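Numbering (our numbering), first residue to last: 153 to 482.
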């Protein structure tokens, strides 16, 4: 795949339909609206129970659409009736950002210019629901925001444009997703005039595909017997969802973003041992470091004990009694 950036162009009044559900999609929708495009309708998933009281709440995209006065179509399954509603919006093009369900062929064909999708990888790498998480799990230094033409297959369509993104150190996948959305929305708003005029010619994906299914709670378990670099990747990849966690004795402990420790650890430190170590970056300071299976260290920035709020790792460690060893059988 050849990376490219769309050239600047002026918004058009041609109607488009936006499909998306979570906050990153709402972020993209707000960006498209702010850029002056004519979003004639929004497709999103139904209201869902939120919080301890399980109160039915509109999706972030539905809320953004309501604020902007844009009518919404709410559905978990896009069938013939929904496709008919989509056609009646008068939209020429559909834009998808994390809608949460596949669009069937009859829906893909319902709009004259088809549908484009903002995806969070350098396709064909990491096709699927969790591309950023899997890229970070695998220790990728970079990823990309990619706009491609939707087909019936999972993220298989030809690419209109992409922009590379460098994954920062000690950053959660949630933060990376938000920053990629900003990058992708900028790319999309520049490309939309050509898309709406039918002037963008996508290029078929090049390379060997890989897949990125949704991560599970088990995927987010942090086993200190693993090498330090692998631990850092897993911690950062699984924040905020499913949420990086390990055990402190019998109690579950959630972890905040982490990075590799480049200093020397005590020679008697065993995997899982948590130490207060001299900072490898700021002389005179100290850090809370988890010993990994390869005898290297992982800097812990924040932790969340069961039933408590996330806190600074140093404050948590100060309150511990005796030797602290994390991890056991998941």
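Cβ atoms here follow ideal geometry from the backbone N, Cα and C, with glycine treated the same way.
Just so you know, these numbers come straight off a predicted model, no measurement behind them.
In the three-state scheme derived from DSSP, where H, G and I count as helix and E and B as strand, residue 255 is classed as coil.
Pairing residue 172 with residue 278 gives a Cβ-Cβ distance that is not under 8 Å. Where residue 271 is concerned, the enclosing beta strand (DSSP E) starts and stops at 267-271. Shown here for residue 437: same chain residues with a beta carbon closer than 6 Å to its own, the five before and five after excluded, namely 431 in chain order. For residue 288, the three-state secondary structure derived from DSSP is helix. Distance from the CA of residue 307 to the CA of residue 407, rounded to the nearest whole angstrom, comes to 32 Å. In this structure residue 287 does not touch residue 243 by the C-beta definition: roughly 32 Å separates them, more than the 8 Å allowed. In this structure, the CA atom of residue 225 is about 27 Å from the CA atom of residue 204.
Separation of residue 346 and residue 472 (C-alpha to C-alpha, rounded to the nearest whole angstrom) is 59 Å.
One alpha carbon belongs to residue 241, the other to residue 168, and they sit about 9 Å apart.
The Cβ-Cβ distance between residue 298 and residue 274 falls below 8 Å.
Comparing alpha carbon positions, the residue from 364, 185, 174 closest to residue 219 is 185. Counting other Cβ atoms within 10 Å of its Cβ, residue 180 reaches 16 or more and is therefore classed as buried.
Residue 206 and residue 421 have their alpha carbons spaced roughly 45 Å apart.
With a cutoff of 8 Å on beta-carbon distance, residue 350 and residue 270 are scored as not near each other. Of the candidates 388, 403, 404, the residue whose Cα lies closest to the Cα of residue 453 is 388. Between residue 177 and the set 221, 301, 283, 329, the nearest pair of CA atoms involves 329. The residues 181, 191, 194, 247, in chain order, have a CB closer than 6 Å to that of residue 170 in the same chain once the five nearest residues on each side in sequence are set aside. When 333, 379, 426, 399 are compared, the shortest CA-CA separation from residue 373 is found for 399. If you draw a straight line from the Cα of residue 434 to the Cα of residue 414, it comes to about 12 Å. Counting along the chain, residue 479 sits inside no alpha helix (DSSP H), nor does DSSP assign it H or E at all.
Residue 282 is positioned such that its CB atom lies closer than 8 Å to that of residue 364. Spatial neighbours of residue 198 in its own chain (CB-CB distance under 7 Å, excluding positions within 5 residues in sequence) are listed in chain order as 226, 227, 228. Residue pairing by DSSP puts residue 298 in a beta bridge opposite 271, 314.
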